[in-house]
Every structure is written in C-alpha cells, then in structure tokens.
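Notes follow the structure.
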Amino acid sequence: MSHFAFLAAALFLLAASRWTLPTSAELPRFREAPAFRNGPGCVSAPTIHIAMTLDAAYLRGSVAGVLSVLRHSSCPESIAFHFLATRPRRFRPVVAAAFPYLTFEVHRFNPDVVHGRISSSVRRALDQPLNYARIYLADILPRSVRRVIYFDSDLVVVDDVARLWATDLAPYQVLAAPEYCHANFTTYFTDRFWSDPVLPLVLTGRRRPPCYFNTGVMVVDLDRWRAGGYTRKLEFWMEVQKRKARIYELGSLPPFLLVFAGEVKGVDHRWNQHGLGGDNKEGLCRNLHSGPVSLLHWSGKGKPWLRLDAARPCPLDDLWAPYDLLLRDDDPFSDV
Ligand SMILES: *[C@@H]1O[C@H](CO)[C@@H](O)[C@H](O)[C@H]1NC(C)=O
28 MSHFAFLAAA LFLLAASRWT LPTSAELPRF REAPAFRNGP GCVSAPTIHI
78 AMTLDAAYLR GSVAGVLSVL RHSSCPESIA FHFLATRPRR FRPVVAAAFP
128 YLTFEVHRFN PDVVHGRISS SVRRALDQPL NYARIYLADI LPRSVRRVIY
178 FDSDLVVVDD VARLWATDLA PYQVLAAPEY CHANFTTYFT DRFWSDPVLP
228 LVLTGRRRPP CYFNTGVMVV DLDRWRAGGY TRKLEFWMEV QKRKARIYEL
278 GSLPPFLLVF AGEVKGVDHR WNQHGLGGDN KEGLCRNLHS GPVSLLHWSG
328 KGKPWLRLDA ARPCPLDDLW APYDLLLRDD DPFSDV
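So the mapping is simple: my numbering equals the position in the sequence shown, first residue as 1, plus 27.
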C-alpha cells in the first residue's frame, strides 16, 4: 500500500469510527432507562421529592443513583427529581435522554452564591461550589415542595425510597440524617475553634450531645427550614471560617454539624452503608457494615465508576455496576 493509500484509509477509519478526542466540554452519553410504572397500589401515593446535584465529574454516579431509586420504588411515577446544576441547559438533555419518562427539573445553582464563602479544605472535591448546593435547597426548590430527600451522587438505593420518605422528623422537625455518635466529634473542628472562648458555646443546650452525621443522605422539612432561616445560619459559619478563623478542615459538612448536631433525627443506618469509597485511603476496599442494606454509599475518595474503568474495582463495586447506564463507544446500541 502506498503511503497515500495508507493515510487515506487511516483517515477514513478515523472518520467512520465514533472516536472523538475527549474534551472537558464533552459529557458522557447514556443508554435509555426502561419505563418504570406505578402499580395499582399507587393511586393515593404521595409525590416523593428527591434532590441531587449534576456535574460533569459525578454525572455517571447521579444517573446510576436515579436508576437505582426508580428500580426499587413501588410507585416510581410518583417521584419528582430536582437536580441542581450550575449549567442546567447542559444537563437537562442528558437526563431527558436517559430517563424519557421521568418527572424532573434541573434548577440552576448559582456558584457565585458561595464563592465568597468557601475556604479551601483538605480534599479538593469538597471545595466545589456544587457541594454546597444542599444548603440552598429551601431557596432553590419551589415553595410547593415542602419536604425533600437529598442524595449524594455516589450512592445507589436498593430499597423502596418511600420508606425513607416516611421518616418521622419528630421531635427535631427539620432534618433527619444518619448519625454516628461513636465518631469523635472533636476532630471535625480545629483547636482554634475549641480554644475560642465563644464559638464552642453554639453547641451547648442541644437536645442531645452533638454527634457527627452524614449530609449525603438527608430528609429535610423545607417549610420548617425556611421558617427557621437555616440557610442563613449555615452561611454564618461559612463566613466565620472564611473571614474570622479557620475553625474546620472539611467542606460543607462542619457548618451542618454546628447548626444541627444534637438536633437531628437519626436515619436508620441501613440507609447509609457508607465508606465504600475507601475513606480517603486510596486502594483500600471496604466491606459492608453489619445489618440490613437499603442504600450503598461510596463516600470517601474512591468512586466505583473510576475503579471499574481502571479495571481495579473493589468487590462491592459490582453492586454499583448494574446501575451504570454509560453508553460506551463500542456499545452495539451506540448508534441509536
Ligand atoms: C477525640 O479527639 C481529640 C482530639 O484529637 C482527643 O483529644 C480526644 O482524646 C478524643 N476523644 C476520644 C474519646 O477518643
């Protein structure tokens, strides 16, 4: 073959294949999820509102999370998803293509809202403005949404989400989240915080001793949140951190602890089988905690889609893989 013919053939093959050089502007494509329909018992089922974020880095995780919720729901058509994204027009078509039957909105989260309030944390992923979007749910979602479940984008639900939705928030009323009182609460704040004559006083007078809780799985009464001005209370601590003193090292979690610790309704730990991402130590695979499993949470640094792509999955990543809707270039359906 002459050089010219070889070059022409190579160019033709390149053009004919669906290969494109990945650019940062390009989002992955997803297969279409099947239609999930309500059963006959759903006539008077309440609408369940679920909020999640959408960004390029976690998109595959968010899509898997949505599929997992639908697959295990007894009334999937009664679920309304509220996605938060800094660029909603970029993500709306992606969700619509993967879930043509889904009731959803993509709300704009304006990152400028938090830009002046974020201080750098020990993990860069925690500094992303979207990580703080959960603080603004009560402002961003319509007033008609009075309760919402917030889910991180690195989890799958393997139970009927209606059970989580039915959480009784009494007597704390505003927020339910999985609580871990054996975790050493002191370590979430700096010596500067604990040695301050005034700042730690915020934690006194709580109904129970303050405990760490996970903000990746929350049930929020938005009416009471709005009435109590909790967004402003969380912002206050972000401003202390940014302008007064470095009082914590992590991202959006510590302000939640300062405002709500000891006033949180504990969610059964079955709804947060957490730490599957390996808790900041790379290559460290984790096992399930004892007890039942309604939700698997890859919290920590490792994410199942990254480990699967690298052909170095942890054993439990196999439980995430069935919810992966990523459309690969070599997928036989990639042309449809
Ligand atoms: C919790 O952590 C603090 C700070 O590292 C330490 O001084 C304290 O002894 C710890 N408490 C327990 C019960 O481990």
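Even glycine gets a Cβ: it sits at the ideal position worked out from N, Cα and C.
Check	Outcome
Taking the CB atoms as reference points, tell me whether Leu-81 and Ser-180 lie closer together than 9 Å.	yes
Is the separation between the beta-carbon of Lys-260 and that of Tyr-199 shorter than 9 Å?	no
Give the single residue among Ile-77, Ala-107, Trp-298 and Leu-343 whose Cα lies nearest to the Cα of Tyr-207.	Trp-298
Quickly, what does DSSP pair Leu-322 with across the bridge? List them, please.	Val-184
Spatial neighbours of Ser-95 within its chain, please: CB distance less than 6 Å, with the 5 preceding and 5 following residues excluded, ordered by chain position.	Val-183, Val-184 and Tyr-350
Any heavy atom of ligand 1 closer than 8 Å to the beta-carbon of Thr-217?	no
Hey, is Gly-302's beta-carbon within less than 9 Å of any beta-carbon in chain C?	As a matter of chain content, chain C is missing from the structure shown, which is built from one protein chain.
Could you check the C-alpha separation between Pro-156 and Thr-258 for me, to the nearest Å?	15 Å
Quick one: what's Gln-155 bridged to in DSSP?	According to DSSP, Gln-155 bridges with nothing at all.
Alpha carbon to alpha carbon, how far is Ala-125 from Arg-270?	43 Å
In chain order, which alpha helix (DSSP H) runs of at least 4 residues are fully inside the segment 39-111?	86-99
Just list the residues that DSSP pairs Gly-293 with in beta bridges.	Ala-204
Could you check the C-alpha separation between Leu-277 and Leu-354 for me, to the nearest Å?	34 Å
Closer than 6 Å by C-beta to Ser-158: which residues in its own chain qualify, once you throw out the five before and the five after it? Chain order, please.	Ser is not the amino acid found at residue 158; the sequence shown has Asn there. The residues are Gly-278 and Ser-279.
What are the start and end residues of the beta strand (DSSP E) that includes Val-140?	Taken as a continuous stretch (DSSP letters only), Val-140 belongs to no beta strand (DSSP E), being part of the alpha helix (DSSP H) at 139-142.
Cβ of Asn-211 within 8 Å of any heavy atom in ligand 1?	yes
Just the Cα atoms here: how many angstroms apart are Arg-170 and Gly-255?	15 Å
List the DSSP bridge partners of Phe-126.	Answer is none; Phe-126 lacks a bridge partner.
To the nearest angstrom, how far is it from the Cα of Pro-115 to the Cα of Arg-135?	6 Å
Could you check if Val-225 is buried or exposed, using at least 16 other CB atoms within 10 Å of its CB as the buried criterion?	exposed
How big is the Cα-Cα spacing for Asn-211 and Val-141?	28 Å
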